[in-house]
Every structure is written in C-alpha cells, then in structure tokens.
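In my numbering, the protein residues as written are 43 to 223.
We put the CB at the ideal spot given by N, CA and C, even for glycine.
Data block below; observations after.
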Ligand code: 3AM
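The structure is reproduced here in structure tokens:
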C-alpha cells in the first residue's frame, strides 16, 4: 500500500519565505520548508495496482500552465480550536479547472468522488496549543501577505508517516501546457 496525494510544488524561494514566518508563534509545529506544498487532491492509502491506474489517469490530464496567487493567512479549526495554520491560495479559474480535471480523471480510474469542498491553501503549521493572543497577533501581522508563482506541472506525491514530519516524495510529475503552445 502507498499513501498518495496530488499537489503543486512551490518554488524554493517562496518556500524559504513562508518557512521564515515560523518565528514567534509558540505552540505551532512548523512545516519544514521542503515539505511546503499546495494539495489538489488527497488520495490516501491505495494498492500498487490502483496507484498505477491513477498515475496513468493523471498522465491524461490536459490543462494550461498558470500563475497562482497566494494571499492572507488563516486557520482551520475543529470544535472552536484552531489546529492548522495556512496561507490561502486564490481560487482562480485555472486552479479550479486543473483540480476538476484531476478529480474526474481519478474518479474515472476508480476513486470515490471527493466529498469535501476544495479549499486551496498551503499549510504552514500544525497548532497544538497556540496562545490565542499570539495567534491573533500573527494573523493580523501577516494578513497582507501576498505571493505569486508559476505552475507548470503538478505532482503525484507519496507520503510516509512516522513519528516526526511526514516524508513526501514526488513519485511522478505531469507537465501543464505552456501558454501559447
Ligand atoms: O495540504 P495539507 O498539508 O493541508 O493534512 C494532509 C495534507 O494537507 C492531508 O493531505 C495533505 C497531504 O498529506 N490529509 C491527510 N490525511 C487526510 C485525510 N484523511 C488528508 N486530507 C483529507 N483526508
């Protein structure tokens, strides 16, 4: 079995910039710079045969390259407790188009449809027990954060969970069509 997800890598410079935000927020487990990514579709544990079918399905996806904007910071919470700190990804048509194409390809290849709404983001940190005033201060201080990067491919990642940070590995990548090509 292999645990998979489909995502977009961030350029190294942007990862370093985002990882550098990770100072001054106690109670946060920061995602290491090399793990920062934008998830398009979480797949989960699948066997090798299905993984191969999913890979082939992803190879059939045709979508244009685009510029992706990131902006603002926020949290996901459960029962009133924030557990994930993220920077938002603009829900622009090219991103949604790519995500929809990937979704249909994966469902055609045998996955159950994704039931949850697509809320594109880059997870910056997992929050264990953040001090509310420090968290509010962090969110306010970075509310105007903006960045842009070019998306020229997407990636099928495997994810190995252990004690510490997950180990993500690019198992395959898929080129997007260049603008004007
Ligand atoms: O993109 P981020 O880092 O927010 O939290 C996991 C991570 O999200 C999420 O998939 C991404 C790559 O691992 N993830 C993990 N388990 C999940 C699950 N059961 C999940 N997403 C949905 N359902």
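Length of the line joining the Cα atoms of residue i and residue j
{"i": "residue 158", "j": "residue 74", "result": "26 Å"}
{"i": "residue 84", "j": "residue 46", "result": "7 Å"}
{"i": "residue 217", "j": "residue 164", "result": "21 Å"}
{"i": "residue 70", "j": "residue 126", "result": "9 Å"}
{"i": "residue 91", "j": "residue 148", "result": "14 Å"}
{"i": "residue 122", "j": "residue 162", "result": "21 Å"}
{"i": "residue 196", "j": "residue 81", "result": "10 Å"}
{"i": "residue 194", "j": "residue 219", "result": "7 Å"}
{"i": "residue 49", "j": "residue 202", "result": "15 Å"}
{"i": "residue 6", "j": "residue 114", "result": "Shown here, the chain extends from 43 to 223; a query on residue 6 therefore has no answer."}
{"i": "residue 211", "j": "residue 150", "result": "24 Å"}
{"i": "residue 174", "j": "residue 97", "result": "43 Å"}
{"i": "residue 65", "j": "residue 176", "result": "11 Å"}
{"i": "residue 221", "j": "residue 184", "result": "32 Å"}
{"i": "residue 119", "j": "residue 181", "result": "14 Å"}
{"i": "residue 132", "j": "residue 204", "result": "31 Å"}
{"i": "residue 110", "j": "residue 186", "result": "16 Å"}
Helix, strand or coil at residue i according to DSSP, with G and I counted as helix
{"i": "residue 166", "result": "strand"}
{"i": "residue 196", "result": "strand"}
{"i": "residue 160", "result": "coil"}
{"i": "residue 146", "result": "helix"}
{"i": "residue 127", "result": "strand"}
{"i": "residue 154", "result": "coil"}
{"i": "residue 132", "result": "coil"}
{"i": "residue 183", "result": "helix"}
{"i": "residue 138", "result": "helix"}
{"i": "residue 104", "result": "coil"}
{"i": "residue 65", "result": "coil"}
Which listed residue (the options) has its alpha carbon closest to that of residue i
{"i": "residue 198", "options": "100, 58, 111", "result": "100"}
{"i": "residue 116", "options": "156, 179, 77", "result": "179"}
{"i": "residue 154", "options": "132, 60, 88", "result": "88"}
{"i": "residue 192", "options": "137, 203, 184", "result": "137"}
{"i": "residue 112", "options": "96, 120, 134", "result": "134"}
{"i": "residue 208", "options": "66, 76, 67", "result": "76"}
{"i": "residue 152", "options": "66, 43, 185, 93", "result": "93"}
For residue j and residue i, believed in contact at Cβ under 8 Å, the rounded distance
{"i": "residue 63", "j": "residue 78", "result": "About 11 Å separates the two Cβ atoms, so there is no contact after all."}
{"i": "residue 213", "j": "residue 200", "result": "5 Å"}
Should the segment 163-171 be regarded as contacting the segment 100-110, the criterion being three or more beta carbon pairs within less than 8 Å? no
Per the contact definition of three or more C-beta pairs closer than 8 Å, is the segment 137-152 in contact with the segment 52-66? no
Residues passing the C-beta test against ligand 2 heavy atoms, cut-off 5 Å: With respect to ligand 2, the structure offers nothing, as its ligand set consists of ligand 1.
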